[in-house]
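Q: Supplied in C-alpha cells, the structure appears directly below.
Residue numbers (our numbering), protein chains in the order written: chain V, 262 to 531; chain E, 90 to 357.
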C-alpha cells in the first residue's frame, strides 16, 4: 500500500513532466499502470476541455454563417464544415503537423505549433467546431417558427432577439447531439500522440502510456482495460455535467416535455 | 508504386470489412433481441462496451489479443507436452510450431496475415456500431405489422424473417450510411496496425530524400502527400454522400414514413 503511494507521488504527474523522469522498465506493477495511465488522462482532459470550450464559440459563428443570407459567409462556412467533417481527423493531424513543420523552417513563429499542446489543440478545436457547427446549424433550422414570430411581436430584433430567443432555443434543441459530440471529442483526443505529434520526453496521453505498457509486457489484457475503465468514467462525468446544463436549458418547459432523455450514441471515429 | 497500391489496400479493406461488419452487427443485434438471457446480455454487452471506449484503443488491443489468442490455441493443440508456462514474466513464449504465421514463412504471408487480423479487428469494432443501428432499426418497425403477423399465425421466427428483416432497412439506412462514412474515415488507422497503407507511404515517400540514396532528391514533401490524402478522402466521402442519397430515395419509395409520404405527394 505504502509502495503504491510512493508510485503515485513519483508518477502521478509524470505526463506533465513533474516527478520521476525515467518510466518504469521492468517488474511492472498494477499500481504503476493505473498511475501512469491516469496521469496520461490529464492530457486527454486538457485537449478535450479546451477545444470544446473554444470550439463552442466558433461553432456558433459557423452555424450562423451557414444559415446566413450572404453568399460569401455561407459558402465559406459550408466549405469549412465539409473539409473538417469529410476527412479523417487522423489525416488532419498528420497534415497539420507536417504543415507546421514546413512553416517552422521559414518562420520561427510556428515553433510552438509543432508541439502537441498547441498544434494538436488547434486541429481539435477546428475539427470540433466544424462538427458542432453542423449540429447547431441543424438546430437553428428547426427552431419553431412561432418562437421567432413571438419575439418579433414583442419588438425584439437583431442582437437582443438572437441573445434572448434564437440562441437559447438553438442550444436547447442541439444539446443531446452536442453531448454526443463532446464524448466523441474526448475519445478522439487519444489520436494525438499517434499522428506525428511527438511525445516529448515521453510526456504522452493515456493511450500513449497504455500502449507503452502493452509493448513492454506483451500483455494487452491489463493496460487497455485500465484505459477503458478511465474512459468510461470520463464519459459518465461528461454525461452528468452536460445533463445538468441541459436540464437548466430546459427548465422553463413543462415537466413532461423535459423527459427527452439523452441517448448515448457517439460516432466515435472522425 | 507502393503508394498507388496502398490506395487499393484501403479500398479492399473497405470492401471486405463493410459486409463482414454488417454480419457481425446482425449477429449482435439478434443476440441482443434474444429471449435467452445470457445471449441477450452478451449481445448488449458487445454493443455497449465497444461503443463506450475509444475505438483506437480497441484497434491496438485486438490486434495483439487476437494474435496471442490464435498462437495460444495452436500451442495447446500442437505442443501438448510443452513443459514451461506461456507467460514468463514479460514474455509470451509458444513453441516454434505454434507460431502464426510460421517463422520460416515468406514475407508476403506475414503481410497478408497482418492485413487480415486488421480486417477482423475493424469488423469487430464496426460490427458493434452496426449492431446498435440494426437493433434500433428492428425496434423501429411499426408494432402493428408484427401484431398482424402474429394474428396470421406466424411464429416469432417467421415474423422476424418475413416482416421485420425486409422492412428494417429503411430505418437502418441513415445509421448505416453514417457508419460507412465513419468507416471510410477510420481507414487511416490501418497504419497503426502495422499495415503498409497510404499513411505509411505518404510518410516514407514524402520524407527528405538526399542525393546519396536516390536519383530524385527533394526536400520534405510530406505536407503535399498528406494534402493529396486529404483531398482523396474528401472526394470519397462526397461521392458516398451522393450515392447514399440516391439509395435512400429509392428505399423510401412506398414506405409508411414521412419521407415516403413526401415522395408520394410530390408525384401526385
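Glycine residues also receive a C-beta, built at the ideal position from the N, C-alpha and C atoms.
This structure is a prediction, so every number in the text was calculated from the model and none was measured.
Distance cutoff 8 angstroms, beta carbons only. Does residue 451 of chain V sit that close to anything in chain A?
A: The structure shown contains no chain A; the protein chains it does contain are V and E.
Q: Between E:336, E:353, E:333 and E:321, which has its C-alpha nearest residue 348 of chain V's C-alpha?
A: Checking every option, the nearest Cα to that of residue 348 of chain V belongs to E:321.
Q: Taking all protein chains shown into account, do 16 or more other C-beta atoms lie within 10 angstroms of the C-beta of residue 293 of chain V, making it buried, or fewer, making it exposed?
A: Label assigned to residue 293 of chain V: buried.
Q: Using only the alpha-carbon positions, how far apart do residue 445 of chain V and residue 309 of chain V sit?
A: Cα to Cα, residue 445 of chain V sits roughly 10 angstroms from residue 309 of chain V.
Q: Taking a cut of 8 angstroms between CB atoms, which residues from the stretch 459–478 of chain V lie near chain E?
A: Answer in chain order: 468, 471, 472, 475, 477 and 478.
Q: Could you pull out every unbroken beta strand (DSSP E) segment of at least 3 residues lying fully inside the stretch 378–416 of chain V, listed in chain order?
A: If we require 3 residues or more, the stretch 378–416 of chain V turns out to have no beta strand (DSSP E) run fully inside it.
Q: Does the beta carbon of residue 284 of chain V sit closer than 8 angstroms to a beta carbon anywhere in chain E?
A: Not an interface residue.
Q: Looking only at C-alpha atoms, which of V:412, V:374 and V:394 sits nearest to residue 322 of chain V?
A: It is V:394 whose Cα lies nearest to the Cα of residue 322 of chain V.
Q: Give me, in chain order, the residues of the same chain whose beta-carbon lies closer than 8 angstroms to that of residue 270 of chain V; leave out the 5 immediate sequence neighbours on both sides.
A: Closer than 8 angstroms at Cβ, skipping near neighbours: 280.
Q: Run down chain E in chain order and give the residues with a C-beta less than 8 angstroms from the C-beta of residue 347 of chain V.
A: What residue 347 of chain V touches in chain E: 322, 323, 326 and 327.
Q: With a threshold of 8 angstroms between beta carbons, is residue 363 of chain V in contact with chain E?
A: Interface residue, yes.
Q: According to DSSP, is residue 497 of chain V part of a helix, a strand, or is it coil?
A: Of the three classes helix, strand and coil, the one that applies to residue 497 of chain V here is helix, per DSSP.
Q: Can you confirm whether residue 499 of chain V, when its beta carbon is compared against all beta carbons of chain E, has any partner nearer than 8 angstroms?
A: No, because no Cβ of chain E sits closer than 8 angstroms to the Cβ of residue 499 of chain V.
Q: Could you compute how far the alpha carbon of residue 263 of chain E sits from the alpha carbon of residue 225 of chain E?
A: Each residue's alpha carbon lies about 12 angstroms from the other.
Q: Would DSSP call residue 228 of chain E helix, strand or coil?
A: Note: residue 228 of chain E maps to helix in three-state DSSP.
Q: Strictly below 9 angstroms CB to CB, what residues from chain E border residue 557 of chain V?
A: No information on residue 557 of chain V is available, as it lies outside the stretch 262 to 531 that chain V covers here.
Q: Residues in the same chain with beta-carbon distance under 6 angstroms from residue 278 of chain V, minus the five sequence neighbours each way, listed in chain order, please.
A: Excluding positions up to five away in sequence, the list reads 464.
Q: Enumerate in chain order the residues of its own chain whose CB-to-CB distance from residue 331 of chain V is below 7 angstroms, with the five nearest sequence positions on each side excluded.
A: Taken in chain order, the list of residues that qualify is empty.
Q: Taking the alpha helix (DSSP H) that residue 265 of chain V falls in, what are its first and last residues?
A: Its alpha helix (DSSP H) spans residues 263–272.
Q: Just to check my reading of the structure: residue 454 of chain V and residue 357 of chain V have Cβ atoms closer than 8 angstroms, yes? What is that Cβ distance to the nearest angstrom?
A: Contact doesn't hold; Cβ gap of about 14 angstroms is too wide.
Q: Using a Cβ-Cβ cut-off of 6 angstroms (strictly less than) and excluding sequence neighbours within five positions of residue 113 of chain E, which residues of its own chain qualify?
A: These residues qualify, in order along the chain: 212 and 216.
Q: Report the neighbours of residue 102 of chain E on chain V: residues whose CB is nearer than 9 angstroms to its CB, in chain order.
A: Going along chain V, no residue has its Cβ under 9 angstroms from residue 102 of chain E, so there is no contact; the nearest lies around 13 angstroms.
Q: If you count every other CB in all the chains shown that lies within 10 Å of the CB of residue 288 of chain V, and 16 or more means buried, which is it?
A: By the 10 Å Cβ count, residue 288 of chain V comes out exposed.
Q: Could you give the DSSP three-state label for residue 376 of chain V: helix, strand or coil?
A: Coil at residue 376 of chain V, not helix or strand.
Q: At 8 angstroms on the CB atoms, spell out the chain E contacts of residue 368 of chain V, in chain order.
A: The contacting residues do not exist; residue 368 of chain V stays about 15 angstroms from chain E at best.
Q: Is there contact here, the stretch 332–342 of chain V with the stretch 361–372 of chain V, by at least three beta-carbon pairs under 8 angstroms?
A: Touching, no, given that fewer than three Cβ pairs across the two stretches are closer than 8 angstroms.
Q: Using the Cβ count rule (16 or more neighbours within 10 Å means buried), how would you classify residue 334 of chain E?
A: Residue 334 of chain E is exposed by the Cβ-count criterion.
Q: Going straight from the alpha carbon of residue 356 of chain E to that of residue 405 of chain V, what length do you get?
A: Approximately 28 angstroms, taken between the alpha carbons.
Q: Taking Cβ-Cβ distances below 8 angstroms as the criterion, which residues of the stretch 191–224 of chain E are in contact with chain V?
A: Within the stretch 191–224 of chain E, the qualifying residues are 218 and 221.
Q: Are any of the Cβ atoms in chain E nearer than 8 angstroms to that of residue 437 of chain V?
A: No, its Cβ sits nowhere closer than 8 angstroms to a Cβ of chain E.
Q: Quick check on residue 515 of chain V: does DSSP put it in helix, strand or coil?
A: It is coil, neither helix nor strand.
Q: Quick check on residue 507 of chain V: buried or exposed, where buried means 16 or more other Cβ atoms within 10 Å of its Cβ?
A: Residue 507 of chain V should be labelled buried.
Q: Mapping DSSP to helix, strand and coil, what is residue 216 of chain V?
A: With chain V represented from 262 up to 531, any question about residue 216 of chain V goes unanswered, as that position is not in the structure.
Q: For residue 273 of chain V, I'd like the list of residues in its chain whose CB is within less than 7 angstroms of its CB, leaving aside the five on either flank, ordered along the chain.
A: The residues are 280, 296 and 300.
Q: Can you check whether the C-beta of residue 311 of chain E is within less than 8 angstroms of a C-beta belonging to chain V?
A: Yes, residue 311 of chain E lies at the interface with chain V (some Cβ there is under 8 angstroms from its Cβ).
Q: Check whether the Cβ atoms of residue 451 of chain V and residue 145 of chain E lie closer than 8 angstroms to each other.
A: Result yes, Cβ atoms of residue 451 of chain V and residue 145 of chain E sit closer than 8 angstroms.
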